[in-house]
Amino acid sequence: MQAHMRKIKKVLIANRGEIAVRIMRSCKEMRISTVAIFSEADRTAKHVWYADEAYCVGEAASKDSYLNIERIIDVAKKHNVDAVHPGYGFLSENSHFVQRCNEEGIIFIGPSAETMDMMGDKISARKHMIKADVPVVPGTEKGLNSVEEAIEVCNQIGYPVMLKASMGGGGKGIRLIQNETEVKDAYLNAKSESLSSFGDDTVYIEKFVEEPHHIEFQILGDNHGNVIHLCERECSIQRRNQKILEESPSPFITDELRKQMGEKAVMAAKAVNYSGAGTIEFLVDKHRNFYFLEMNTRLQVEHPITEEVLGIDLVKEQIKIADGMPLSHRQEDIVQRGHAIELRICAEDADMNFMPAPGLIKKNLEPTGIGVRIDSYAYEGYEIPIYYDPMISKLIVWATNRTYAIDRLHRVLEEYKITGVKTNINYLKRIIEVPDFVNGKYDTGFIGKHGEELQNKGSQTETEKENIAIIASYMDYIINLEENSSNDNNDNRPTNRWRNFGLHKGVLRI
Amino acid sequence: MQAHMRKIKKVLIANRGEIAVRIMRSCKEMRISTVAIFSEADRTAKHVWYADEAYCVGEAASKDSYLNIERIIDVAKKHNVDAVHPGYGFLSENSHFVQRCNEEGIIFIGPSAETMDMMGDKISARKHMIKADVPVVPGTEKGLNSVEEAIEVCNQIGYPVMLKASMGGGGKGIRLIQNETEVKDAYLNAKSESLSSFGDDTVYIEKFVEEPHHIEFQILGDNHGNVIHLCERECSIQRRNQKILEESPSPFITDELRKQMGEKAVMAAKAVNYSGAGTIEFLVDKHRNFYFLEMNTRLQVEHPITEEVLGIDLVKEQIKIADGMPLSHRQEDIVQRGHAIELRICAEDADMNFMPAPGLIKKNLEPTGIGVRIDSYAYEGYEIPIYYDPMISKLIVWATNRTYAIDRLHRVLEEYKITGVKTNINYLKRIIEVPDFVNGKYDTGFIGKHGEELQNKGSQTETEKENIAIIASYMDYIINLEENSSNDNNDNRPTNRWRNFGLHKGVLRI
Amino acid sequence: MEVQIGNRVAEVELISKEGNFVCLSIDGEQYEIDITMLEDGVYSILNNGKSYNAELTRSDDNKEYKVNAAFSSYDVKIIDEKAKYLRMRKDTDDRQDNKIISPMPGKIVSIPVKVGDTLSKGDTAIVIEAMKMQNSFKVASDCTIREILVAEGDAVNANQVLIHLELN
Amino acid sequence: MEVQIGNRVAEVELISKEGNFVCLSIDGEQYEIDITMLEDGVYSILNNGKSYNAELTRSDDNKEYKVNAAFSSYDVKIIDEKAKYLRMRKDTDDRQDNKIISPMPGKIVSIPVKVGDTLSKGDTAIVIEAMKMQNSFKVASDCTIREILVAEGDAVNANQVLIHLELN
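These protein sequence lines are chains R, Z, V and D, in that order. Counting with this note's numbering, you get residues 1 to 510 for the letters of the first sequence. Counting with this note's numbering, you get residues 511 to 1020 for the letters of the second sequence. Counting with this note's numbering, you get residues 1021 to 1188 for the letters of the third sequence. Counting with this note's numbering, you get residues 1189 to 1356 for the letters of the fourth sequence.
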């Protein structure tokens, strides 16, 4: 289709889980060969057997494998890899890794190390945004050096304030401070959490935005100075600063606001010469004032909802940009169609404070049909390891409008059946039943406000459903008794046992 | 969303297989309760356990169950069904069934019995189309009464000609006649086939259109006189008049032709007061002349490609129309976006003349991720019965353009893994590799022309792949030997056996 | 036969069975159902035409089940004579709450106690990490550490006993 | 050990095995692979980093496999001593081609022959219907009908012997 000579013919995916599989899918569609890396705990993970090639890079702990820059670079060089895609998490925002790729002549699919450094440190990012005339939340432009300084700055800005790790992300190293007495603990805890999570203990302070919406804009920039935005994602449904459900378009923002925020997002990206796919996160208060929050210089977990609404494959765009091609879309071509919602399916026990629940997946029946997309790395027989993230799949629905999309979510959650490990599916089902969600009236306080409703409570009409569970268990027990008492089984499949059992005529006495 | 008071709250789906499940999905999304019917051979079929209620209507043979009008009407009345959705095939084009529904006060989701009769009989349909100024293929407007008459008419029109059953469909009762000597056999065979398949032996003759494209237009009409078209589907890839692969838009037609044909399709539907979703099939010759072929007064197997390109749920539209609502779309809102392709996955042995291959599905790993939709009724452990159609699922991809859609097909066919029964997946893979298909240069002669290429031929580079198959089998054999020689298995799962085996250290001697 | 579901114990009796058509009573209520196994551990039940599905996973002895049905999860136990006896014993045991059990597979991050330590209700006895999250396990009442069965850095399984307590 | 794939018979030898790392030779070519079972009957094989998958279904005696790998399907047989003997016998049997076997489950639609009939090559001996399609089975050489084991209307399984022939 294009005269462009591709440089990228073989890509190493420096990641695991659903995102590694998702990236490989687009590579395969582009006839680019794929190289997986894996830890010793991940030999049976889907990204390994889905790839064209796969190499072990170390032990189970991430620091020994998926964060082991030199081992990954070794594999890339040895197997003549043209480019590396970092996915999200792990090394995706590590500028040293970008530099190492550059030094070895390997294309890093993402922005330059300089851009990453400018935006990766939140204090530096604030400075650049202020210079570029992008609104930021009132706060300090520098790191805090002592408890005393922290107290002073907090008092100046006025409570409530947010204390944040400069290198933070994913909800780590963040504390909400309501009054002066809380400053000291918050400061010390955030510093130590930040040090252990990000290797840096710089923290700073921002005004706390009340009833805020977490709304982010997807942007794409190429190596020829073009930047466009791909509209917004509403990410306000969060638990402990971790996103649970995202949707696009946002039910909160107006066309006018979308235009304004989109323009600022493009300005923000241009200010740092952004190349690749990135996300500008904004806080939007109840009066629809918006503030730059941070930039994620990588693909986001929730990128599929943008893909569904715009009909664009973001991974393909990332690869084309990294290959030196100009953007294939102009801003005026970007038109939202319909509505998309993503749910994150996690192996966790929602009734036990969301404790992770790794284990062996026995059944994995995924919803299919019109308007459903599953980005998953789960399969039947797969044992989810204890070392990594509990997210096993993302469930994305698309429909012509928001009401239909929610209707569709009900249908697909009913179809989604996972046994062997506990998941948050029932919890997600309760979220989409909350009237504030159905009406699109929610902000980041949603989970806090509806915590009570979202608890699993047995209802009065439970007995009927319990009896169904009793019948299934009881019959299964009986079949197994039957089987043990006879030994004419030439075929041991349980369904066959069932069929033989089904053939018994007349009354059976137990 | 609308003030309209819904009459339809409970729908009986008078069908089975993927289409029954697909219809139930849209019903569930509309919070409409679903009633399945099933034959004695279908107790474990997905549509039974996917429905809210399910009732057996008779023995395995279709005539005793899925075609048993009175049994179905009984179930509908007894369980207070508001409407019946017939799907495709079975009773979907049976006007007597429509009448029986009407008599019992049950809404039939589809056109009126009168419309169905006008368009169901191909000779009558031709007459109506000629009156409505829709171009038809030159031919007789009446049934033939004798071999002699058939020979006379064929000679008049000029060879080649097509001999067709008036009530025909699905490729049955159709014969191509190249010269006078073939007329007698064709006439007698088509008559007897038509009688046994459709209960009517009327046959007629049409000019054979050379190098024809089979292109159909989806239309929607409501009970208020509105009719729109939803653009075209290219269905020229057929084997024995059975569609194998469909795509939208057609790579053959131009914007101008689309507009012309769309207008004629709307005229055709208006001429018979069409209500509901229907399809106008056209033959388009190599000079882009088009002729009305027939109308299907029901949902088509290939409807999903229209849904993907237009973002419209056709089943929801059918139900809303049947409920008396006006169309929710205007012609000017209908804009094609991107490109969709559907493949029909069948349980058949492509290397043995496409012999049906019913049986037990052991693995059923369906492709997922961006741009894929599976409409299926298969699941692991399901035994495909011998009584019905061999199609087990439809694989639909969508992408921004035709090239990307084909690229995506390669990726998803690689992901689709079914074991236990033979399928045509490898055959479909070969179809999408044929250069004429890749270039969009094909007509209904495609399968005939490329029959040779599409045969499964072992290639020179087979040995490597064979060796992989040997290794897998050999290792599996050894593990099972190991297992039989030890009896300390407290867990009989094969994967556990494998893991225990994996723990053996050192050299193992067989 | 008794079947336990959550805290409820139901009396279940099989009345008759003809192929897939089963008649049984649960706490006196009679059910006439059409039941079939779709695949291993997955049942389809038609109760007067109403369609229900249940997916279950079995314990090793086929007497305990985890059952999913219509957005609810249940723990179901078949109570035969042996189970009845064990249940009575366990009731007594459970009241003592004299051990800390790992509810999930994971890695021991830290054990801030040693044998002989006296803990107050709410004190942390052990910290386990799984899937990038740390979970602290606190004692539910005042107690003394009797025995510690694991060490920091150990990998542990679900339901593994970690610490024995002496309740005060 | 010999393994048959299609018409090819390969000599396979296991050289060593250390956990999942297996070294073996096939017709003299050496493979050092990392192999694991993902789920029952599904294997992932890394051959010098190249990733291959194979899904197989086993026969009842675990000696015959249907294997899917990269858009190809294979019939694989493990040939132990017993199988070797049977294979030799079968070779002789097969040449006679003295029976008609149903290749799929279905229903007998018609049997246009009776015992004692003499058929010419290409004559139809039986018609089976499955999934709305009728398939006629023709004899491959001139023969006489020796025995008919099924009747019109019967349901038959895959690989069921339907008719015995006497070859002329």
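Note that CB positions come from ideal geometry on N, CA and C, so glycine has one too.
Of the choices the options, whose alpha-carbon is the least far from that of residue i?
i: Ser1232 (chain D); options: Z:Ile981, Z:Ile989 and Z:Leu991; result: Z:Ile981
i: Val558 (chain Z); options: Z:Lys573, Z:Leu705, Z:Gly649 and Z:Tyr889; result: Z:Tyr889
i: Val153 (chain R); options: R:Met167, R:Ile177 and R:Val134; result: R:Ile177
i: Tyr387 (chain R); options: V:Lys1083, V:Ala1160 and V:Gln1154; result: V:Gln1154
i: Ile617 (chain Z); options: Z:Lys519, Z:Ile754, Z:Leu905 and Z:Thr973; result: Z:Lys519
i: Arg240 (chain R); options: R:Arg16, R:Phe446 and R:Thr463; result: R:Phe446
i: Tyr1219 (chain D); options: Z:Tyr937, Z:Asn966 and Z:Glu974; result: Z:Glu974
i: His595 (chain Z); options: Z:Asn733, Z:Arg808, Z:Ile754 and Z:Gly788; result: Z:Arg808
i: Lys1129 (chain D); options: D:Arg1196, D:Gly1216, D:Ile1193 and D:Thr1224; result: The requested residue 1129 (chain D) is not part of the displayed model; chain D covers only 1189 to 1356.
In the structure shown, what three-state DSSP assignment does residue i receive?
i: Arg652 (chain Z); result: Note that residue 652 (chain Z) is Lys in the sequence shown, not Arg. Note: Lys652 (chain Z) maps to coil in three-state DSSP.
i: Asp222 (chain R); result: coil
i: Ala642 (chain Z); result: coil
i: Arg430 (chain R); result: helix
i: Pro356 (chain R); result: strand
i: His514 (chain Z); result: coil
i: Leu837 (chain Z); result: coil
i: Ile1035 (chain V); result: strand
i: Gln828 (chain Z); result: helix
i: Gly58 (chain R); result: strand
i: Ser39 (chain R); result: strand
i: Ala51 (chain R); result: coil
i: Asn1356 (chain D); result: coil
i: Lys1030 (chain Z); result: Any answer about residue 1030 (chain Z) is impossible in this case: the structure gives chain Z only from 511 up to 1020.
i: Asn854 (chain Z); result: It is Arg, not Asn, that sits at residue 854 (chain Z) in the sequence shown. Of the three classes helix, strand and coil, the one that applies to Arg854 (chain Z) here is strand, per DSSP.
i: Arg1246 (chain D); result: strand
i: Lys363 (chain R); result: strand
Which residues bound the beta strand (DSSP E) around residue i?
i: Met295 (chain R); result: Phe290 to Asn296
i: Ile1025 (chain V); result: Glu1022 to Ile1025
i: Ile1221 (chain D); result: Glu1217 to Glu1227
i: Tyr1253 (chain D); result: Glu1252 to Ala1257
I need the boundaries of the alpha helix (DSSP H) containing residue i, first residue and last residue.
i: Ser1032 (chain Z); result: Absent from the structure is residue 1032 (chain Z), since the part of chain Z shown begins at 511 and ends at 1020.
i: Ile305 (chain R); result: His303 to Leu310
i: Asp946 (chain Z); result: Pro945 to Val948
i: Lys959 (chain Z); result: Phe956 to Lys959
Quick one: does the C-beta of residue i sit closer than 7 Å to a heavy atom of the ligand ATP?
i: Ser1130 (chain V); result: Of ligands this structure carries none, so the ligand ATP is not represented either.
Do we get a CB-CB distance below 8 Å when we pair residue i with the residues of chain C?
i: Thr419 (chain R); result: The chain labelled as chain C is not found among the protein chains of the depicted structure, namely R, Z, V and D.
| Where in the stretch 876 to 935 of chain Z do unbroken runs of the beta strand (DSSP E), each at least 3 residues long, occur, reported from the N-terminal end onward? | Those beta strand (DSSP E) runs which fall completely within the stretch 876 to 935 of chain Z and span 3+ residues are 882 to 886, 901 to 909 and 927 to 929.
| query | Quick one: complete beta strand (DSSP E) runs, 3+ long, within the stretch 62 to 114 of chain R? | reply | 83 to 85
| message | Taking contact to mean 3 or more Cβ pairs, one atom from each stretch, closer than 8 Å, check whether the stretch 396 to 405 of chain R and the stretch 338 to 348 of chain R are in contact. | response | yes
| message | Give the list of continuous beta strand (DSSP E) stretches no shorter than 3 residues that lie fully inside the stretch 1097 to 1185 of chain V. | response | 1119 to 1121, 1126 to 1130, 1144 to 1150, 1153 to 1158 and 1163 to 1168
| Any contact of the stretch 1189 to 1202 of chain D with the stretch 1159 to 1178 of chain V, i.e. 3+ C-beta pairs under 8 Å? | no
| request: Would you list, in sequence order, the uninterrupted beta strand (DSSP E) runs of no fewer than 3 residues that lie entirely inside the stretch 649 to 733 of chain Z? | output: 671 to 679, 682 to 687, 713 to 717 and 723 to 731
| Any 3 or more C-beta pairs closer than 8 Å across the stretch 569 to 577 of chain Z and the stretch 781 to 800 of chain Z | With the cut-off at 8 Å, the stretch 569 to 577 of chain Z and the stretch 781 to 800 of chain Z do not touch.
| said: Threshold first: 4 residues or longer. Then list the alpha helix (DSSP H) segments lying entirely within the stretch 232 to 283 of chain R, N to C. | reply: 255 to 271
| request: Would you check if the stretch 921 to 930 of chain Z and the stretch 945 to 955 of chain Z touch, i.e. whether three or more CB-CB distances between them fall below 8 Å? | output: no
| said: Quick test of the definition: if touching needs 3 or more C-beta pairs under 8 Å, does the stretch 1292 to 1300 of chain D touch the stretch 1343 to 1350 of chain D? | reply: yes
| query | Okay, do the stretch 311 to 327 of chain R and the stretch 248 to 261 of chain R touch, 3+ Cβ pairs below 8 Å being the bar? | reply | Too few Cβ pairs lie closer than 8 Å, so no.
| message | Would you call the stretch 363 to 370 of chain R in contact with the stretch 19 to 34 of chain R, where contact means no fewer than 3 C-beta pairs closer than 8 Å? | response | no
| request: Kindly confirm or deny that the stretch 695 to 715 of chain Z and the stretch 643 to 661 of chain Z touch, where touching means at least three C-beta pairs closer than 8 Å. | output: Touching, yes, given that three or more Cβ pairs across the two stretches are closer than 8 Å.
| query | Below 8 Å, can you find three or more Cβ-Cβ pairs linking the stretch 835 to 849 of chain Z to the stretch 667 to 679 of chain Z? | reply | no
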